[in-house]
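Participant:
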Amino acid sequence: MKKFLKNNAVQSLIASLICIILGLLIGYIVLLFINPAGASEAILAVVKNFWNYSRANLQLKNFGSTLVKTAPLLMCALSVLFAYKVGLFNIGAAGQYVVGACASLLAALAWGWSWLPCLLFAMVVGALYGAIVGLLKSFCNVNEVISGIMLNWIGLYTTNMILASVKESTSPYTLHLKNAAPQAMLPTLGLEELFNNKNVTIAIPLAVLTAVIILIILDKTRLGYELKATGNNKNAAKYAGMAERRNIILTLMIAGALAALGGAFLYLTDFEQWSVTQSSVPGMGFNGIAAAFLGGLNPIGTIFASYFIQHITVGGAFVDKTMYSSQISDLISSIIIYLCGFVLFIKYAMNQGIARSEEKQKQKAAALAADSGKGGEK
Amino acid sequence: MLLLIQYTLIFASVLLLVALGGCFSEHSGVINLGLEGIMVIGALGGALMMRYLPSSTPAFFMILLVLLGAIVFGVAYSALLGVACINFKADQTIVGTALNMLGVAAATVLVKAINTAANPDDVSSEIQYAGAKRAFLVNFGSFEFNWFMLIAVIMLVIAYVVLYKTRFGLRLMACGEHPQAADSVGINVYKMRWAGVLISGMYGGLGGICYILAGVSLWKFENGVAGFGFLALAVMIFGQWKPTRIALAALLFGFFRALSNVYFGFPFLMSLNLPGSVYNMMPYIISLVVLAFTSQNSRAPKAEGIPYDKGTR
Chain A
1 MKKFLKNNAV QSLIASLICI ILGLLIGYIV LLFINPAGAS EAILAVVKNF
51 WNYSRANLQL KNFGSTLVKT APLLMCALSV LFAYKVGLFN IGAAGQYVVG
101 ACASLLAALA WGWSWLPCLL FAMVVGALYG AIVGLLKSFC NVNEVISGIM
151 LNWIGLYTTN MILASVKEST SPYTLHLKNA APQAMLPTLG LEELFNNKNV
201 TIAIPLAVLT AVIILIILDK TRLGYELKAT GNNKNAAKYA GMAERRNIIL
251 TLMIAGALAA LGGAFLYLTD FEQWSVTQSS VPGMGFNGIA AAFLGGLNPI
301 GTIFASYFIQ HITVGGAFVD KTMYSSQISD LISSIIIYLC GFVLFIKYAM
351 NQGIARSEEK QKQKAAALAA DSGKGGEK
Chain B
379 MLLLIQYTLI FASVLLLVAL GGCFSEHSGV INLGLEGIMV IGALGGALMM
429 RYLPSSTPAF FMILLVLLGA IVFGVAYSAL LGVACINFKA DQTIVGTALN
479 MLGVAAATVL VKAINTAANP DDVSSEIQYA GAKRAFLVNF GSFEFNWFML
529 IAVIMLVIAY VVLYKTRFGL RLMACGEHPQ AADSVGINVY KMRWAGVLIS
579 GMYGGLGGIC YILAGVSLWK FENGVAGFGF LALAVMIFGQ WKPTRIALAA
629 LLFGFFRALS NVYFGFPFLM SLNLPGSVYN MMPYIISLVV LAFTSQNSRA
679 PKAEGIPYDK GTR
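These protein sequences, in sequence, are chains A and B. Mapping the first sequence onto my numbering, position 27 (from 1) lands on 27, and the numbers just tick up by one. My numbering runs 378 ahead of the 1-based position in the second sequence.
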């Protein structure tokens, strides 16, 4: 049991579960304060999400919709995770996600490209956008968090400006992909029939596959080793002959490509249209931070954490609007990120607890041995 | 033209207040990336005060109480940063980011709850304060003077005096430069860092209420404060963590932010025929460029961002 608890992965899992439970609990308390009458129902509605429907096929369809939005979230989370492993906090994932959406929609609607080139184009644009942060960081010593935030806003306004050329004439939304550019819709490979939901595409398995690839790159390749070494100690990595500047830029390019692919994964399913009058950066990239940390900074853990974050975000739509607002799920996920800051402390406390009980056992054993020793003399 | 000056001054006031907040926190050794969230919560405190005070309240008390509301909310909220980063040695970047998201989410949920309770059909996250806002404005001809311009200057002087002329300020800065040395001469580093964080909460809260009073007379809390907390951090870095330089930097950034509000009043700028988005982007682009040139020789407090642990040397 002790050995089991000492395992780092197990500790991460326990810490994440503690964060989730506390997050839901605090969310519940907030609901109680707002209106005690429907608080229990509301928090249950958030947690149940698609189980709020009673018919099986509707449940499946809405489960599919949650998955459709999980794919881009997972990509953003992987982007944050990958950069964090190299010691960089990629808050710019939100902006990279936006330019990915912009590139894929532009290529699809204005240039009539089919889906694969659209995805690749989004990746390239995202990588270049991430490279700006990397260049500023490695050559000008600009903090990546601040430049990331600035680029988020620059990306948003640029996207609004560019996509205005492919919007519907009577609304601020971009054209429906299904009518205007059916060649760019991501293929569904039978997933559409399985979920009875036309938006479920290969984006979902591709995102999961990416998580596995990231795991392999980080743990099993020389590149991953070098990148992590750079993250742990830039100077030591440099001394050991690694190109630390190149590694930082490369990392942010990969992170940018991942987040941008996330944007393409959502908008090429025609699940949503981009509104060119948006005045705030979409929350997808920021929720990605939550998912990455909740997943214990492990790509596989991040898959489940992304699903959970998206699950409660969608679930927020089911609360009773006459009493509460759907933002309660944003509140819960932001509380969870805040609590993720304490993960190190939780692990430390667990290890302390284990060490203390081991110490006690040793003392007991020693006392027992001493006793039996005395007994032997008699 | 007068309008441009007016907007420049008011946006510069916001940036100055928030950047000074960041300055206090960073000099004590804690990077405060949560300023954006603190601004939102401070704005919420002030806006609630304006909503519930009768509009017949004398202007002086109105201003005082609104400031108080913003300060109390800002300080209380910054305590979340203090607990996590000082006592529990959490990662300051994660906690700061969490506070930004939490600020917007909490303010939205709360305001919507208040609005829905007052009127079940009202599911907006807006607070209106057109009446109360008048207390803050004095018209000189067509120039609209906002008391916050004066408040920002007063707070600047206070920040300068406290940081450089008092024992407290010098000790505070020592904790950001070399906490172990400060500890060795009997300064309580944890207390000093707490002071730095709470003062930044106060400044951040003031900046938040100033921001929502800058142009409009109703605020939608879903929108947050559009990256102003981070612009303020850029101002702080450009100002090299020194209050007087921060003030000059704030004027520069305020000018570009003001342009996006009033560019259509200038025939010269209109003749360039640029889309409005370009002006919206301007402050962020300028800050990137400025940071690229000033970050190399940064005079950042040396120990910022590193949790202080008595047991380590």
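By construction, the Cβ of each residue, glycine as well, lies at the ideal position given by its N, Cα and C atoms.
Could you please give the first and the last residue of the uninterrupted beta strand (DSSP E) stretch that includes ILE505(B)?
Facilitator: Translated into the one-based positions of the second sequence, residue 505(B) becomes position 127. From DSSP, the beta strand (DSSP E) with ILE505(B) extends over 504 to 506.
Participant: Count the other CB atoms within 10 Å of the CB of LEU368(A); is the residue buried (16 or more) or exposed (fewer)?
Facilitator: As a working note, residue 368(A) is residue 368 in the first sequence. Exposed, since its Cβ has fewer than 16 Cβ neighbours within 10 Å.
Participant: Grouping DSSP H, G and I as helix and E and B as strand, with all else coil, what is PHE518(B)?
Facilitator: In the second sequence, the residue the question calls residue 518(B) occupies position 140. Here PHE518(B) sits in strand by DSSP.
Participant: Measure the C-alpha to C-alpha separation of ALA127(A) and VAL563(B) and round it to an integer number of angstroms.
Facilitator: Along the first sequence, read from residue 1 onward, the residue named residue 127(A) stands at position 127. Along the second sequence, read from residue 1 onward, the residue named residue 563(B) stands at position 185. Between ALA127(A) and VAL563(B), the C-alpha separation is close to 49 Å.
Participant: Give the residues of chain A in contact with LEU422(B), contact being defined as C-beta atoms less than 7 Å apart.
Facilitator: As a working mapping, residue 422(B) is identified with position 44 in the second sequence. Ordered by position in chain A, no residue passes the 7 Å Cβ test against LEU422(B), which lies about 14 Å from the chain.
Participant: What's the call for LYS680(B), buried or exposed, on a 16-neighbour Cβ count within 10 Å?
Facilitator: Counted from its first residue, the second sequence places residue 680(B) at position 302. LYS680(B) comes out exposed.
Participant: Within the same chain, show all residues whose beta-carbon is closer than 6 Å to that of ALA257(A), passing over the 5 residues directly before and after it, in chain order.
Facilitator: Working through the first sequence from its first residue, we reach residue 257(A) at position 257. Contacts found: MET123, GLY126 and ALA127.
Participant: Quick one: is GLN506(B) near chain A, going by C-beta distance under 8 Å?
Facilitator: As a working note, residue 506(B) is residue 128 in the second sequence. Answer no: the Cβ-Cβ gap between GLN506(B) and chain A never drops below 8 Å.
Participant: Spatial neighbours of SER683(B) within its chain, please: C-beta separation below 7 Å, excluding the five flanking residues on both sides.
Facilitator: Here residue 683(B) refers to the residue found at position 305 when the second sequence is read from its first residue. For the sequence presented, residue 683(B) should be read as Gly rather than Ser. The answer, listed in chain order, is ILE409 and GLN470.
Participant: Using a beta-carbon distance below 8 Å, is ASP320(A) in contact with chain B?
Facilitator: To locate residue 320(A), count along the first sequence from 1; it is residue 320. It does not; no Cβ of chain B falls within 8 Å.
Participant: Just the Cα atoms here: how many angstroms apart are MET417(B) and GLU144(A)?
Facilitator: For the purposes of this step, residue 417(B) is identified with residue 39 of the second sequence, where counting begins at 1. For the purposes of this step, residue 144(A) is identified with residue 144 of the first sequence, where counting begins at 1. CA-CA distance, MET417(B) to GLU144(A), rounds to 22 Å.
Participant: Which partner residues does LEU74(A) have in the DSSP bridge list?
Facilitator: Locating residue 74(A) in the first sequence gives position 74, counting from the first residue. Answer by DSSP bridge pairing: none, since LEU74(A) is not bridged.
Participant: Which runs of the alpha helix (DSSP H) fall wholly inside the region 20 to 60 of chain A and span at least 4 residues, in chain order?
Facilitator: 39 to 48
Participant: Find out if the Cβ-Cβ distance for the pair GLU504(B), TRP597(B) is shorter than 8 Å.
Facilitator: Numbered from its first residue, the second sequence carries residue 504(B) at position 126. Numbered from its first residue, the second sequence carries residue 597(B) at position 219. It is a contact, given that the beta carbons lie within the stated cut-off.
Participant: Taking 8 Å as the CB-CB limit, is TRP274(A) close to chain B?
Facilitator: Taking the first residue of the first sequence as position 1, residue 274(A) is located at position 274. For TRP274(A), no CB of chain B lies under 8 Å from its own CB, so it is not counted at the interface with that chain.
Participant: Mark LYS321(A) as exposed unless 16 or more other C-beta atoms lie within 10 angstroms of its C-beta, in which case mark it buried.
Facilitator: Mapped onto the first sequence, residue 321(A) falls at position 321. Exposed.
Participant: For the alpha helix (DSSP H) holding LYS228(A), just list the boundary residues, first then last.
Facilitator: The residue given as residue 228(A) occupies position 228 in the first sequence. Membership of LYS228(A) in the alpha helix (DSSP H) is indicated by the continuous run 222 to 232.
Participant: Less than 8 Å between the C-beta atoms of LEU163(A) and THR174(A), yes or no?
Facilitator: Locating residue 163(A) in the first sequence gives position 163, where the first residue counts as 1. Locating residue 174(A) in the first sequence gives position 174, where the first residue counts as 1. Yes, the pair counts as a contact, with Cβ atoms nearer than the cut-off.
Participant: Determine the closest residue to GLU226(A) out of ALA101(A), ALA243(A) and GLY100(A), with distance taken between C-alpha atoms.
Facilitator: By 1-based counting over the first sequence, the position of residue 226(A) is 226. Of the listed residues, the one whose Cα sits closest to GLU226(A) is ALA243(A).
Participant: For chain A, is any of its Cβ atoms less than 8 Å away from the one on LYS490(B)?
Facilitator: Sequence index remark: in the second sequence, residue 490(B) carries index 112 (1-based). Output row for LYS490(B): interface = yes.
Participant: With distances taken from CA atoms, which of PHE633(B), VAL501(B) and SER649(B) is nearest LEU393(B)?
Facilitator: Stepping through the second sequence from its first residue, residue 393(B) is reached at position 15. Out of PHE633(B), VAL501(B) and SER649(B), PHE633(B) has the C-alpha closest to the C-alpha of LEU393(B).
Participant: Anything in the region 615 to 629 of chain B with a Cβ closer than 8 Å to a Cβ of chain A? List those residues in chain order, please.
Facilitator: The residues in question are ILE615.
Participant: Sort out for me which residues DSSP pairs LYS598(B) with in a bridge.
Facilitator: Sequence index remark: in the second sequence, residue 598(B) carries index 220 (1-based). LYS598(B) pairs with GLU504(B).
Participant: Consider the Cβ of GLY341(A): report whether some Cβ of chain B lies at a distance smaller than 8 Å.
Facilitator: Taking the first residue of the first sequence as 1, we reach residue 341(A) at position 341. Yes, its Cβ sits closer than 8 Å to a Cβ of chain B.
Participant: First and last residue of the alpha helix (DSSP H) that includes TRP525(B)?
Facilitator: Taking the second sequence and counting its residues from 1, the one referred to as residue 525(B) is at position 147. Start and end: 525 to 543.
Participant: Under the rule that 16 or more other beta-carbon atoms within 10 Å means buried, what is PHE63(A), buried or exposed?
Facilitator: Here residue 63(A) is taken as the residue at index 63 of the first sequence, counted from 1. Result: buried.
Participant: Determine the direct distance from the alpha carbon of ASN196(A) to that of THR221(A), and round the result to whole angstroms.
Facilitator: Position 221 of the first sequence, counting from 1, holds the residue named residue 221(A). Position 196 of the first sequence, counting from 1, holds the residue named residue 196(A). Distance between the alpha carbons of THR221(A) and ASN196(A) is about 40 Å.
Participant: I'd like the span of the alpha helix (DSSP H) that includes ALA483(B), first residue to last.
Facilitator: Along the second sequence, one-based indexing puts residue 483(B) at 105. Its alpha helix (DSSP H) spans residues 470 to 496.
Participant: Going by other Cβ atoms of all chains shown within 10 Å of its Cβ, with 16 needed for buried, is HIS311(A) buried or exposed?
Facilitator: The sequence position of residue 311(A) within the first sequence is 311, counting from 1. Buried, because 16 or more other Cβ atoms sit within 10 Å of the Cβ of HIS311(A).
Participant: Nearest to ALA211(A) by alpha carbon, out of ILE254(A), ILE249(A), SER334(A) and THR188(A)?
Facilitator: Taking the first residue of the first sequence as 1, we reach residue 211(A) at position 211. With distances taken between Cα atoms, ALA211(A) lies closest to ILE254(A).
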